[in-house]
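**Student:**
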Amino acid sequence: MTRFVALLHAVNLGKTRKVPMAQLRDLLGQLGLEDVQTYIQSGNAVFSTSQPPESLRPLLEQALEAEFGFAVPVTLRSADEWAALIAACPPELLTEPVYVGLLGAEPEAQALATLRHRPVAPERWAVAGRTLYQTVPAGVKNLKLSHAVIERVLGVSCTVRNWNSVKKIGEMVSAYGASRRLRRV
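Everything in the sequence shown is counted per the working numbering, starting at 754 for the first residue and increasing by one.
#1: Leaving aside the five residues before and after Y852 along the sequence, list all residues of the same chain whose C-beta is less than 6 Å from its C-beta, in chain order.
#2: Between H762 and A775, what straight-line distance do the alpha-carbon atoms span, to the nearest angstrom?
#3: Which runs of the alpha helix (DSSP H) at least 4 residues long sit entirely within the segment 773-830? Give them in chain order.
#4: If you follow the alpha helix (DSSP H) that A763 is in, where does it begin and where does it stop?
#5: State the CB to CB distance for the pair V825 and E818, rounded to an integer number of angstroms; the pair is presumed to be in contact (CB under 8 Å).
#6: Near G767, which residues of its chain fall below 7 Å by C-beta distance, leaving aside the five closest residues on each side in sequence?
#7: Near F832, which residues of its chain fall below 6 Å by C-beta distance, leaving aside the five closest residues on each side in sequence?
#8: What do you get for P860, buried or exposed, if any count of 16 or more other CB atoms within 10 angstroms of its CB means buried?
#9: According to the neighbour-count rule (16 or more other Cβ atoms, all chains shown, within 10 Å of its Cβ), is R711 buried or exposed?
#10: In angstroms, rounded to a whole number, what distance separates the CA positions of P908 and A864?
#11: Please work out which residues of its chain come closer than 7 Å, Cβ to Cβ, to A837, disregarding the five sequence neighbours upstream and downstream, and give them in chain order.
#12: Entirely within the segment 836-903 and at least 3 residues each: give me those beta strand (DSSP E) ranges in chain order.
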């Protein structure tokens with residue numbers, strides 16, 4: 754069994770695209786996923802499965818569209834990938850609020866170079882693999898390096914979570930692993 758984090762893109766942001774977390778947990782359970790947990794209303798789910806990772810995203814996206822009536826892109830990370838993305842956050846960014854952009858693919862070097870030339874100060878950012886870390890000194894509504902800019906310039910899908918959510922999901926993933934080890938003893 755592998756533990757995964759599934760991040761639903763752009764749900765529960767307004768009056769449309771509603772995905773109640775209780776209904777999401779039920780749906781994931783019906784798909785055979787185990788130990789399903791959700792975190793807040795922004796579409797964060799943690800679950801365990803022995804299904805092959807490459808089959809999960811299409812399975813989830815098809816089931817979500819069938820259940821809720823609209824397409825819901827999903828970003829997946831394994832528990833190990835989640836722990837690595839927390840560890841990879843540059844400490845110098847953590848001196849102010851940080852948002853994490855979880856990218857659908859690793860951006861190409863040319864796209865990163867284009868983004869580096871974009872004037873976004875006082876915001877600061879860094880990319881490690883499929884993760885973009887950015888500071889949010891003036892608040893989310895005033896971002897120069899917005900979600901839309903990230904997707905357009907880097908040419909990859911992106912969903913964003915704040916650092917507190919990223920850490921809390923990390924705690925959920927690691928607490929599950931600790932409880933599994935205790936049950937085996």
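Ideal placement from N, C-alpha and C gives every residue a C-beta, glycine not left out.
**Tutor:** According to the structure data:
#1: Counting from one through the sequence shown, the residue named residue 852 turns up at place 99. Within the same chain, Y852 has close Cβ partners Q887, V889, V913 and N915.
#2: Here residue 762 is taken as the residue at index 9 of the sequence shown, counted from 1. Here residue 775 is taken as the residue at index 22 of the sequence shown, counted from 1. Those two C-alpha atoms are separated by around 17 Å.
#3: 774-783 and 806-821
#4: Here residue 763 is taken as the residue at index 10 of the sequence shown, counted from 1. Unbroken run through A763: none, as it is neither H nor E.
#5: In the sequence shown, the residue the question calls residue 825 occupies position 72. In the sequence shown, the residue the question calls residue 818 occupies position 65. Rounded, the Cβ-Cβ distance is 6 Å, consistent with contact.
#6: Residue 767 sits at position 14 when you count from the first residue of the sequence shown. Answer for G767: no residue qualifies.
#7: Translated into the one-based positions of the sequence shown, residue 832 becomes position 79. The residue asked about is misnamed: residue 832 is Ala in this sequence, not Phe. Apart from the 5 residues on each side of it in sequence, A832 sits with its Cβ closer than 6 Å to the Cβ of R756 and V926 in its chain, given in chain order.
#8: By 1-based counting over the sequence shown, the position of residue 860 is 107. With 16 or more Cβ atoms within 10 Å of its Cβ, P860 is classed as buried.
#9: Since the first residue of the chain shown is 754 and the last is 938, residue 711 is not available in this structure.
#10: Within the sequence shown, residue 908 is the residue found at index 155, counting from 1. Within the sequence shown, residue 864 is the residue found at index 111, counting from 1. The residue you asked about is not Pro; residue 908 is Gly in the sequence shown. Rounded to whole angstroms, G908 to A864 spans 7 Å at the Cα level.
#11: Residue mapping note: residue 837 aligns to position 84 of the sequence shown, counting from 1. Correct list: empty, nothing qualifies.
#12: 851-856, 878-881 and 884-888
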